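Residue numbers (my numbering), protein chains in the order written: chain S, -17 to 348; chain E, -17 to 348; chain G, -17 to 348; chain F, -17 to 348. All residues carry an ideal CB built from backbone N, CA and C; glycine is no exception. Quick caveat: nothing in here was measured; it's all calculated off a predicted structure. See below for the structure under consideration.
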């Protein structure tokens, strides 16, 4: 049985999902077969052009109409549109894979989680880095106890696209539409990733948000617009199991295009990796030893049997393919997908707590 | 106009080409549109299964029949079958993209080059690493004169799949079928790559071939079979323009799954990169400075506008996509494709000279 | 005129200073000539053995007596002895170079700073990493404005000698003697280093202290002793000029013997280095470029003309030699030495504020 | 009993040895005690200044006179003066530690080796990199069989001080005085190092020498002088035990101040290190694993107990200290020191064979 899929949006994330869908037959032949049915956009011409390029059978501006015909909706529109689209789909029992962060506010995320709870359809949050090979390999080691008790974690997600004070304003810099800035865009990944790695949840947070440029040129070139989100965020998180994490996210990290360094330290071992660099991981298997560079394209590496011979590098996009395969498997089996909307909401609550903690200058319970 | 393509083979290289063809519409919409028409194999069942998985409309064991219906043939069968398949296609004016090395022997490569000369169709050799971003970026710098006069080059292609003396025998270890070992498989890439980077040709070579394990378990588990090719090769090459290169290739390079380090040193600058690591390159822009790590996913990086935002890693396979786009552009335009069969033959002559040089223990003119 | 020097202590730091004094004539012939006069210890036999090995003319247990004969005292005893020894020396107008942190408490550090103020002698705090080549090179770039406005700093000082729960107790784990743990031992370096790099002072801090093992085997093998200091510290610091820093210090950083990663990000450039790795620094000179690895042994590198030809690595200890040369120059010239006792006190105040902030769970003004 | 030492020369190597002698008492108190007695130079004023700076009791231009008073001579003058000075010393039973390469020609090296044979004094060649921690650690692994059978070795010694065609002429570029260029200066180290690591000897060589700039500005600014040595050398060496090595040496390696990458590959493991980077080594302990970065300052690391706590970096010069300690131990014990003059001669014979092989374009037996 072929599943038909609708895609909401045609930006970067939408293209990544479309590519994933297109690559499944060759590399995940055991995944459900998929038809790219309809691409939904606000501007009919741009939607049509995107549908053509991304291999969707048709384009529309009518989300409701589209939902009538499909088994699953991929939500890759700006954050403030996630809730309405996702709940519309779920209320029709159309499965949803929604981009992260789930919503700009905790309230909206809660509505979405409730919609998922009452729906018969699968609802997933697209934290794609859970599906990157080093993430899976690290989780395996941690859950097998190879690192012993995890004590401390560092996760730094560093980008530099806002270093220049004249970099133009976009919806991502508007609190109403995006919720927050580096926090919601980048720390969201880190919070989910570390929660996944440790199979644990954040209990308390402290945080510090910094906006280094508070207005930027309007994208249409006419004056400036105010930046109402953070450019950088530092989060201190305490997990229920006792581990403590320092999370740093920045869009003004000079010299770093897209670096996500994750380090997990236990009393019997440690790992370091960048989920965006899918081919290797550094592992310290014994505290008296050093770090070994492990090639994850080796036999036994997560997903390694799906792609090329050992030593042939995967790219960023492969995690998105793995994600879609897992999501569609759940859709076909009618089983819950993780990260679920509940997982997405949990992250949102952490982000919300960080915003309160930053405003109050003190620790806040999640 | 849609071009129909036949694919000969269904191993690793064949899968890479099939993947490339499948990805063109989304990422190279300006490339000619392509139909994956027919997959040609020796075993009908395995060919049918591969056609199904790789998205080809049908499978056959009849190459001649297949050639009647297609515009282009991708040759991804063992080396000893390249010549017959390529000449059959070219003689019917079917374009050919043939895997490297072009043939097991110089004689066979010469026949192929003659077939290309007399054919009206485009003939290309699939040295895919020419299409890796760092290769293109390095060539740009070199041809712009940014490195000054190139004096010395090192290229080390290191693999480890034969380190274990009990690694099984395969056709790649048989001189009759493969021509040579690490030399033809790995040094072939290095010779072509350096020739491309320098836009120059090898004039003289010295070489040293080493077979460290001279018989290996038969793949069917029944006794052993003799290894008649080299496990490792060292080549010293002098280019017409005065540059000298040391090329090392090994399948017994303990700890190296697939490392291809290339260093080009001029009197005004230097570059270092691995064509299999497509996202970065180290550049020394002035001999009094150090090496800068250049992120090739940045705007202006070769092919960067085709894929994801800056900082999102490409993988090994992307170069193969770039290669197919370029090849099909030439097919559509009726223009020569580089690397051509003449380029493939030039490499073959260098390899042949190395074998003679190794046997004689002296320098040999190419 | 030769200066005579007394050394209090004979542990690691004492050995490093003794080595520095011994190396000055050959590498800093322009520095004042020095006589290693007397080594002061508590145990006469161990002091005598140390004096013999470290090249001091005699040993004593009588600090006061020793001070009668010397021009300068190097204080390298446990932290709780710094104040008494330093004030005794300064009150006799004997110059002091005191190990960091200046004292276990802010009160003690204030007494020391007052002693320095009323003394005619030079008083310095031995933050040796100020004298490491990358620190000097980074400060040059920052003060020249090459990084633009500094926005964010990260400094991670990671050690692993307490990862093992059975690592033995020492005075360094006792709050009364050491003041604090990773905070006072490691973050002290980071606070001073970043203050020096930015030529700025910390105004407010938040902090989080973690003790992962709260009792450890007594060093004499008889039972356990309580750990009353932190094993790891996270500090968030706001500088008067607007920069914000995240400092992390740990003695339980699995796999890291001694890593001190410092990153400074401005709107026009960035640097990264480890002050304990004295031979190189990574510099991003323009936000649109990547990081260049700069070899600091090159001509023009800080202190490079003092040592070996370009490309010959310095070690950790060289910064201590640079420090002593600078200190003795100030002693000879009767000029203030930086880092002064006031600088040491400033760090101590930051550490004290961090402890309060950690206890209160909120921001604290320094 | 204190040994008195004479030092011939006052350049870079002489300074390194003087520093080593000065550091022995503090770090190698078990080594024989040493008096820096006399520095021998050709220019009395420069010799006197050097003696003063390097801590020698007196200076002289009279080598013979100096030899009457000392137990050991360190020879750190240009290569063409090694033979006369060393034989003069040995014929008076004065021990000699002579810089590498032993001599500009094989003939001279043979005379020196004969002098060592007939002398009652210890004769050593100063291949200091044998005493670098990673060299020792690698040799331990190899001799313990941890790498299995060593098959292939690569050693690249890359410098860049002659990249600029206007870099001035010096005696090092004159065949009569230096013997050869990169070959004798850099490959000499590699040949000795690999022979030591493998405990084996080179049987046959092929080689290629390149002079990229054949005249350079005279150091006195008056016209140019001819370069009669190689700027770069590539050597292919076959060892008696079956291993094959590729050695590359260059003074025109753009961007490399002083890089000496050594890789040893066995059928059960591999190591990679730079003997000039004394603090770490990469080890592949099993061909199916990756490389682990081993911190050699850890307990158990070669010489680690002599210096600082784990994680505190050593520099280039420490190997020279280790070398002197070992040499003086042999002097005191009257036992042979390795590398001996015979070891130095063996290297010289390899270098001579490389020159012949390069001239003839064929393999030459050593």
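(message) So, for residue 75(E): in the same chain, excluding its five sequence neighbours on each side, which residues have a beta-carbon less than 7 Å away from its beta-carbon?
(response) Here the set comprises 101, 102, 103.
(request) Could you tell me how far apart the beta carbons of residue 213(S) and residue 246(S) are, in whole angstroms, since I believe they sit closer than 8 Å? (result) Residue 213(S) to residue 246(S), Cβ: 27 Å. No contact.
(request) Starting from the C-beta of residue 160(E), find all residues in its chain whose C-beta is less than 8 Å away, skip the five residues before and the five after it, and write them out in chain order. (result) Contacts found: 60, 61, 62, 86, 153, 154, 166, 167, 211.
(message) 8 Å is my cut-off, CB to CB: does residue 192(G) come that close to chain S?
(response) By this cut-off, residue 192(G) is an interface position.
(message) Less than 8 Å between the C-beta atoms of residue 206(E) and residue 199(E), yes or no?
(response) In this structure, residue 206(E) sits near residue 199(E), with a CB-CB distance shorter than 8 Å.
(request) For chain G, find out if any of its Cβ atoms is closer than 8 Å to the Cβ of residue 110(F); answer yes or no. (result) For residue 110(F), the answer is no, since every Cβ of chain G falls outside 8 Å of its Cβ.
(request) Report the option in -16(F), 112(F), 304(F), 138(F) whose CA atom is closest to the CA atom of residue 321(F). (result) The closest CA to that of residue 321(F), considering only -16(F), 112(F), 304(F), 138(F), is found on 112(F).
(request) Identify the continuous beta strand (DSSP E) that holds residue 199(F) and give its terminal residues. (result) Its beta strand (DSSP E) spans residues 197 to 199.
(request) Ignore the nearest five residues each way along the sequence and tell me which others in residue 140(G)'s own chain have a CB closer than 6 Å to its CB. (result) For residue 140(G), where only same-chain residues beyond five positions count, the Cβ hits under 6 Å are 232, 235, 238, 241.
(message) Between residue 214(G) and chain S, is any beta-carbon pair separated by less than 8 Å?
(response) For residue 214(G), the answer is yes, since a Cβ of chain S falls inside 8 Å of its Cβ.
(message) I'd like to know if the stretch 290 to 309 of chain G and the stretch 272 to 281 of chain G are in contact, where contact means that at least 3 CB-CB pairs between them fall below 8 Å.
(response) The stretch 290 to 309 of chain G, when compared against the stretch 272 to 281 of chain G, does touch it at the 8 Å Cβ threshold.
(request) Go to residue 92(F), then tell me how far its alpha helix (DSSP H) extends in each direction, as first and last residue. (result) Segment 88 to 100, the alpha helix (DSSP H) holding residue 92(F).
(request) Go ahead and label residue 274(F) buried or exposed: buried means 16 or more other beta carbons lie within 10 angstroms of its beta carbon, across all protein chains shown. (result) So residue 274(F) counts as buried.
(request) For the beta strand (DSSP E) holding residue 240(E), just list the boundary residues, first then last. (result) Residues 240 to 248.
(request) Indicate whether residue 14(E) and residue 308(E) have their beta-carbon atoms separated by less than 8 Å. (result) No, these two residues do not count as a Cβ contact at 8 Å.
(request) Alpha carbon to alpha carbon, how far is residue 172(G) from residue 180(G)? Give it in angstroms, no decimals. (result) Using only the alpha carbons, I get a separation of about 12 Å.
(message) Does residue 141(F) come out as helix, strand or coil in the three-state DSSP assignment?
(response) Of the three classes helix, strand and coil, the one that applies to residue 141(F) here is strand, per DSSP.
(message) I want to verify the contact list: residues of chain F whose CB lies under 7 Å from the CB of residue 43(S), in sequence order.
(response) Chain F residues near residue 43(S): none, gap ~51 Å exceeds 7 Å.
(request) Quickly, what does DSSP pair residue 41(S) with across the bridge? List them, please. (result) For residue 41(S), the pairing in a beta bridge is given by DSSP as 21(S).
(message) Within a Cβ cutoff of 6 Å, which residues of the same chain sit near residue 134(S), ignoring the five residues on either side of it in sequence?
(response) Take residue 134(S), set aside five residues on each side of it, and the residues of its chain with a beta-carbon closer than 6 Å to its own are 226, 247, in chain order.
(request) Assign residue 125(S) to buried or exposed, taking buried as 16 or more other Cβ atoms, counted over all protein chains shown, within 10 Å of its Cβ. (result) With fewer than 16 other CB atoms across the displayed protein chains lying within 10 angstroms of its CB, residue 125(S) is exposed.
(message) 8 Å is my cut-off, CB to CB: does residue 184(G) come that close to chain S?
(response) Residue 184(G) does not count as touching chain S.
(request) For residue 72(S), collect the residues of the same chain with a Cβ closer than 7 Å to its Cβ; drop the 5 residues on either side in sequence, then sort them by chain order. (result) Once the five neighbours on either side are set aside, the close Cβ partners of residue 72(S) are 78, 97, 98, 101, 103, 105.
(request) Output the distance between the C-alpha atoms of residue 188(S) and residue 41(G), rounded to the nearest integer angstrom. (result) Using only the alpha carbons, I get a separation of about 52 Å.
(request) Locate the beta strand (DSSP E) running through residue 190(S), then write down its first and last residues. (result) Residue 190(S) -> beta strand (DSSP E) spans 184 to 192.
(message) Taking 8 Å as the threshold (beta carbon to beta carbon), is residue 61(F) in contact with chain G?
(response) False, the Cβ-Cβ gap to chain G never drops below 8 Å.
(message) Let's see if you can read the secondary structure: which residues bound the beta strand (DSSP E) around residue 106(G)?
(response) 105 to 107 is the span of the beta strand (DSSP E), which, as asked, contains residue 106(G).
(message) Please state the DSSP three-state secondary structure of residue 347(E).
(response) Residue state, collapsed to three classes: strand.
(message) I'd like the span of the alpha helix (DSSP H) that includes residue 337(E), first residue to last.
(response) Unbroken alpha helix (DSSP H) run through residue 337(E): 323 to 342.
(request) Look up residue -17(F) in the DSSP assignment and say whether it is helix, strand or coil. (result) Of the three classes helix, strand and coil, the one that applies to residue -17(F) here is coil, per DSSP.
(request) Please list, in chain order, all residues of the same chain as residue 286(F) whose beta carbon is under 6 Å from its beta carbon, the five residues on each side excluded. (result) Excluding its 5 nearest sequence neighbours in each direction, residue 286(F) has C-beta neighbours in its own chain below 6 Å: 279, listed in chain order.
(request) Indicate the three-state DSSP secondary structure (helix, strand or coil) for residue 267(G) in the structure shown. (result) Here residue 267(G) sits in coil by DSSP.
(message) Here's a check: name, in chain order, each residue in its chain whose Cβ is nearer than 6 Å to the Cβ of residue 56(F), leaving out the five neighbours to either side.
(response) Taken in chain order, the residues that qualify are -11, -1, 79.
(request) Verify whether the separation of the beta carbon atoms of residue 10(E) and residue 288(E) is less than 8 Å. (result) Yes, Cβ-Cβ distance for residue 10(E) and residue 288(E) is below 8 Å.
(message) By the 7 Å beta-carbon criterion, what residues does the stretch 247 to 276 of chain S contribute toward chain F?
(response) Of all residues in the stretch 247 to 276 of chain S, those with a C-beta nearer than 7 Å to a C-beta of chain F are 271, 272, 273, 274, 275, 276, reading in chain order.
(message) Let me check understanding here. Comparing Cα to Cα, which of 215(E), 222(E), 177(E), 271(E) lies closest to residue 250(E)?
(response) That would be 271(E), whose Cα lies nearest to the Cα of residue 250(E).
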